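K.L.:
I have a structure I would like to understand better, so I am pasting it below and will then ask my questions one at a time.
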Amino acid sequence: MEDCYRLGLAKSIGVSNFGIKKLSTLLENAKIPPAVNQ
Numbered sequence: 001m002e003d004c005y006r007l008g009l010a011k012s013i014g015v016s017n018f019g020i021k022k023l024s025t026l027l028e029n030a031k032i033p034p035a036v037n038q
């Protein structure tokens with residue numbers, strides 16, 4: 001998804017149904033943080 005975002009194929013990145021543990025892990029490793037947790 002980060003590659004799609006960098007190429008302009010996506011306006012933002014979002015995740016769905018992420019709990020605190022999963023979201024924390026994602027934020028530690030992601031270069032582009034998600035805009036939305038639905």
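For what it's worth, full-length UniProt numbering labels the leading residue of the sequence shown as 1, then goes sequentially.
Note that beta-carbon positions come from the ideal geometry of N, C-alpha and C, so glycine has one too.
It should be emphasised that the depicted structure is a prediction, and the values quoted were computed from it without experimental measurement.
1. Going by C-alpha distance, which of L7, G14, R6 is nearest V36?
2. Considering only their Cβ atoms, is the gap separating S24 from Q38 smaller than 7 Å?
3. Checking the sheet assignment: what are the DSSP bridge partners for N37?
4. Starting from I20, follow the alpha helix (DSSP H) in both directions and report where the run begins and ends.
P.N.:
On the basis of the supplied data:
1. Sequence index remark: in the sequence shown, residue 36 carries index 36 (1-based). Here the closest residue by C-alpha is G14.
2. As a first step, residue 38 is located in the sequence shown; it is residue number 38 there, counting from the start. As a first step, residue 24 is located in the sequence shown; it is residue number 24 there, counting from the start. No, they are not a contact pair.
3. The count along the sequence shown starts at 1 and reaches residue 37 at position 37. V15, per the DSSP bridge assignment.
4. Position 20 of the sequence shown holds residue 20. 20 to 29 is the extent of the alpha helix (DSSP H) around I20.
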